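Scroll down for the structure; my scribbles are underneath it.
Chains as they are written, first to last, in our numbering: chain A, 11 to 467; chain B, 11 to 467.
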C-alpha cells in the first residue's frame, strides 16, 4: 500500500476527519509535518475539509528557528492558507517549571494549539506523528517498564488527530523526495545523547533484524493496550467516592480486584496529594496491603503513606499541626478553618431529644444559666481527660482516640467542645457524661457539626 | 541485597513455599538450576520443606545430555535426594506435533513433571527461571507486539514456583563461583542465530545502557500486566455462554466493552475451532464489527470468519454439507445426527393447543388417518417451496431462510418435516398453512424439537 493510501485508510479506519472540519496543522517545517501539509491540501476537497491552516511554534531552541518561522509565513502565503506562529523561550520555561525539554515543548505547543482552536474557530489539530514515532515511543517506555507509557499514542485523542499513524519515517522521506516537498532537517535528530535518537538509530534497527515489521507489530500492541486502558479508565471512574477523599477507605478498597485497587491508589495519590507513585512503589504498597497491621511507607521527600486501621492517608512534613481555640456562644456558630468544620449551638425544646440521642453530628445537654458565658471549641492538648457518657470515671483522651480508631493525623483536627474546662463533646464521635438531660430539665442546648464543602472535593 | 536474601524475599513476597511442601526441582545441570538446588537444600530446614527431589529431562538434543544424566544420578546419590530422569527424542516430537523446539521442549518437560507430581506425591515444581530470563522473554514478545506474551511469567503459576525471580543471571554466575557449585555450560547459549541468545547478547546490553536497572523495571511491568490479565480472565469467564457456542451472538457481544469483545472472540475461536487469531487479524475484525452489514474475513488456510445477520461463525472448507433424510412415524422419534437434534411426534388431545400455538420448538397439526404412513424429516433441497401459516400462496424456501436470517451454514442443518411432499414445518422456525387445527379436529399430531447436548458443550 502506498503512502497516500495509508493516509486515507487511517482517516477512514479511525474516523479522523468529518465533512466541514476546520483543520489546524501542527507544522514544524520538518519532513513529517511538511508531508502532512502536502497530503491534507492534496485531499482537502476529497475529504470535504472546509479550512486548513498551519500553526508553527518557535521554541527558540535552534538558531534556525527564526529562519523557519519566516519560511512558514512565505509558504502559507504561497498556499493561500492562514499561518499562526508563536515564539517562546523553551529553556526558561522548562527550567522554571522543572520539566524536561521534551515535556516543556509538548506543554507549550499544546497550549498554543488550544488557544488557536478556541479563538480562531478550528475544531481539530492534525499532528504528523507517524508509525516510526509510535514505535520509538513504545520502546522508550518499554525499557523503563512503564505500562502507562508503553501504550503509546492513539490515532485520535480528543481533538488531536494523527493521520500518518500507518506511515513509517522511511516512507515519508521517500515521498518527500518524489514529490519535491521542501523541508528543514532537524540537526538535533542526529544527537545520540538524546534518548529518543539512540532508540531510533541503534535499538530499533537491531529489533528489526529480528522482526522486520516491528512498527506494525507495535502498532497492534498499542491498539490493544489502549483498548484495555480505556476500559479500566471507565471502570475506575465508578469509584470516584473512594479516590476523591483524603482518606482512602480500605474496607471498601480491599473488596475490589487488584487491577482496580492499584489504579485507585495511583489516582487517589495524584488527585489528592499531587504525588506520582512509581510502579516499584505501587508494587510494594500492594504487598503491604496484604498485611493485617498498621504500617507506613516512605513515598518521596516529605511524604509518608500510612495505613492506620481501615484508612490509608498521607502524612506530610509540610502538614504542621496547628493548635486552635475558638469561643462559642449559645445560639451562635463557629467556623473551624483548620478542619473545615462548623459547629452550631442552639437552645432547643425538650421535646426533640428522643430522636437526637444517638445522632453522630448532633448532641444535646441540659442548659444551665452559666452557659450564657459560652463554650470553648479547641483541638486536643496533652493530658486531656474525658468522661464518656454512661461512665463515671475519666479516661485519657488519647486512649479514647485509639479506641475510636481515629488516625493520628486526624486527631489534631477533631474539635472538642468544653464548658468550664470539662470536655462535653468529642465532636462527631462521642459525648461526655456531663449535663445529661433529665426529666426535670427546662432548657437544653444542642451542638451540631457540619462539614464545609470545598469547591475541589 | 545479596542473592540469598533475594531468594528468601521472593519466597516470602509470593508465598512460594509452605511448611511440609514436597518440592520437585526442575533440574537441567545448568548454572541456574544448580544454584537453585543449592539454595533450596541450604534453606530446606529453615523453610520447613519436607522433601526435595530433582527431575532431569534428557531431550537428546545435545551430545552431552547422556553425560549430564549420569551426573544428575551421581549428584543426587551424594546429596541423598531422589532423582527422576526421562529421555525422549525432542526433534521427532517437535516434527510430529508441528511445534518449535522450544515449545516441544516445554510441553514434554511439563508433562514429565506433572507425571512425577501425581505419581510420587510431590506438590510443587520449582523452576530456575530468573529475572534475566523474564527480561529476555519480555523483550522477545515485545518486539513481536504480543500483549499476551509480553507479561512474561509469574513467580507462581499453579503448582509451579520460581524462587529466583528477583535474581539476575550475573548474580547467579557469581554465586556459583563463590560457592564452588558444579554445573554444565549449555553451548547452544552462545548461538546468536537463536533469537533468545541474540536478545540476551546484543539487545539487552544496549537497552541497559539507557536503563541500567532494566530487569527490575521489566519485572514491575510484568507484575502489573499480570494483575490486569488475571482481572480480565475472570471477567471473560462470565461470558461463557457466548464463547462456548459455535455461533457467536452479536446482539449480546456488541453491547460489551471492546476490551471484553476482543477477548471473547479470541477465546471463542480457540475453544470452538482451535484457531489462534493474530493481533493483526483481531484488530481488523474489530474494525469490521463496526460495520452494519454482512462480511467475511479470511483467517487462515481453509477458514473464513463470517458475519451474517446477528451471528459470527466459521465456514470451513472441511465442513462439507451432507444431505440427510429420515422417516418419522406418529408417536415415535428420530435422531438427526447431522444437526444434533431429535424430533418427536405425538398424537395429543385437542385441549393442549392453545398454549402450544406459538411455541418455537413444538407445533401441532390436524391428524388425518393417512398420516399413519409417517412423515419425512430431511434438510432442504433445491427448489423447495413452502406455504407459511396465515398465507395461501407458496414461497421459495430459500427466500424464507433469508427472511428468517438463518446463516447459510446453518441452512443445511435445519430439519424440515414433510407429509406427502408438503413441508409442514421448518423445525424450530415456522409452521406451514397445511392441516391447521380446527374446532372440528378430532385428533392432533404434535412435533417437538430437542437439542442433543454433547459432552463438550
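Note that the Cβ used here is the ideal one computed from N, Cα and C, for glycine as well.
From a predicted model like this one, the values you see are computed outputs, not experimental measurements.
For residue i, count neighbouring C-beta atoms within 10 Å of its own C-beta (all shown protein chains included) and say buried if the count is 16 or more, exposed if not.
i: residue 319/B; result: exposed
i: residue 26/A; result: buried
i: residue 273/B; result: buried
i: residue 305/A; result: exposed
i: residue 86/A; result: buried
i: residue 430/A; result: exposed
i: residue 456/A; result: buried
i: residue 116/A; result: exposed
i: residue 466/B; result: Since pLDDT at residue 466/B reaches only 39, below the 50 mark, its modelled position is unreliable, and no value is offered.
i: residue 176/B; result: buried
i: residue 147/A; result: buried
i: residue 295/B; result: buried
i: residue 28/B; result: exposed
i: residue 434/B; result: buried
i: residue 135/A; result: buried
i: residue 142/B; result: buried
i: residue 4/A; result: Nothing can be reported for residue 4/A: it is not among the residues displayed for chain A, which extend from 11 to 467.
i: residue 470/B; result: A query on residue 470/B cannot be resolved here, the shown segment of chain B reaching from 11 to 467 and no further.
i: residue 44/B; result: buried
i: residue 425/A; result: buried
i: residue 313/A; result: buried
i: residue 459/B; result: buried
Let me make sure I understand the geometry here. Which of the options has the alpha-carbon closest to that of residue i?
i: residue 445/B; options: 460/B, 216/B, 168/B and 428/B; result: 428/B
i: residue 390/A; options: 44/A, 369/A, 419/A and 381/A; result: 419/A
i: residue 152/B; options: 235/B, 101/B, 109/B and 412/B; result: 235/B
i: residue 219/A; options: 128/B, 204/B, 228/B and 233/B; result: 204/B
i: residue 63/A; options: 75/A, 48/A and 56/A; result: 48/A
i: residue 161/B; options: 171/B, 12/B, 150/B and 31/B; result: 150/B
i: residue 37/A; options: 123/A, 287/A and 217/A; result: 123/A
i: residue 169/B; options: 137/B, 238/B and 215/B; result: 137/B
i: residue 240/B; options: 197/A, 200/A, 270/A and 250/A; result: 270/A
i: residue 348/A; options: 341/A, 187/A, 439/A and 332/A; result: 332/A
i: residue 120/B; options: 173/B, 376/B, 66/B and 52/B; result: 66/B
i: residue 395/A; options: 82/A, 171/A and 432/A; result: 432/A
i: residue 438/B; options: 154/B, 461/B and 453/B; result: 461/B
i: residue 154/A; options: 256/A, 198/A and 206/A; result: 206/A
i: residue 352/B; options: 387/B, 358/B, 313/B and 96/B; result: 387/B
i: residue 372/A; options: 20/A, 385/A, 441/A and 411/A; result: 441/A
i: residue 414/A; options: 398/A, 402/A and 403/A; result: 398/A
i: residue 228/B; options: 309/B, 144/B, 46/B and 453/B; result: 144/B
i: residue 262/B; options: 184/B, 321/B, 74/B and 90/B; result: 321/B
i: residue 380/B; options: 340/B, 409/B and 410/B; result: 340/B
i: residue 101/B; options: 93/B, 110/B and 95/B; result: 110/B
i: residue 402/B; options: 51/B, 443/B and 360/B; result: 443/B
i: residue 356/A; options: 350/A, 342/A, 346/A and 97/A; result: 342/A
i: residue 183/B; options: 42/B, 254/B and 19/B; result: 42/B
Give the C-beta separation of residue i and residue j to the nearest angstrom, bearing in mind that I take them to be a contact with Cβ-Cβ under 8 angstroms.
i: residue 258/B; j: residue 252/B; result: 6 angstroms
i: residue 242/B; j: residue 78/B; result: So it is not a contact: roughly 41 angstroms between Cβ atoms.
i: residue 187/A; j: residue 13/A; result: Residue 187/A to residue 13/A, Cβ: 12 angstroms. No contact.
i: residue 174/A; j: residue 299/A; result: With 8 angstroms as the limit, residue 174/A and residue 299/A do not qualify as a contact, their Cβ atoms being about 44 angstroms apart.
i: residue 451/A; j: residue 383/A; result: Residue 451/A to residue 383/A, Cβ: 19 angstroms. No contact.
i: residue 447/B; j: residue 454/B; result: 6 angstroms
i: residue 50/B; j: residue 35/B; result: 6 angstroms
Closer than 7 angstroms, Cβ to any Cβ of chain B: which residues of the stretch 11-25 of chain A, in chain order?
Taking 7 angstroms as the Cβ-Cβ cut-off against chain B, the residues of the stretch 11-25 of chain A that qualify are 23.
Which residues of the stretch 89-113 of chain B have a Cβ closer than 8 angstroms to any Cβ of chain A? Give them in chain order.
Flagged: no residues at all.
Within the stretch 90-169 of chain B, note down every full beta strand (DSSP E) run reaching 3 residues or more, in order along the chain.
Complete beta strand (DSSP E) runs here, min 3: 92-97 and 134-136.
What ranges does the beta strand (DSSP E) occupy inside the stretch 342-409 of chain B, keeping only unbroken runs of at least 3 residues that lie completely in it?
Correct list: 342-346, 351-358, 372-376 and 385-388.
What residues in the stretch 257-283 of chain A bring their beta carbon closer than 8 angstroms to a beta carbon of chain B?
Listed by position along the chain: 267, 268, 269, 270 and 272.
Residues in the stretch 209-224 of chain A with C-beta within 7 angstroms of chain B's C-beta atoms, listed in sequence order?
If the cut-off is 7 angstroms between Cβ atoms, the stretch 209-224 of chain A has 212, 213, 216, 217, 220, 221 and 224 near chain B.
Chain A contacts from the stretch 135-152 of chain B (Cβ-Cβ distance under 7 angstroms):
If the cut-off is 7 angstroms between Cβ atoms, the stretch 135-152 of chain B has 152 near chain A.
Along the stretch 230-255 of chain B, what residues have a CB closer than 7 angstroms to any CB found in chain A?
Here the close residues are 230, 231, 233, 234, 235, 237, 238 and 241.
Taking a Cβ distance cut-off of 9 angstroms, strictly less, list which residues of the stretch 290-312 of chain A are near chain B, in chain order.
Listed in sequence order: 290, 292, 293, 296 and 297.
Which runs of the alpha helix (DSSP H) fall wholly inside the stretch 233-266 of chain B and span at least 4 residues, in chain order?
Here the runs fully enclosed are 250-253 and 260-263.
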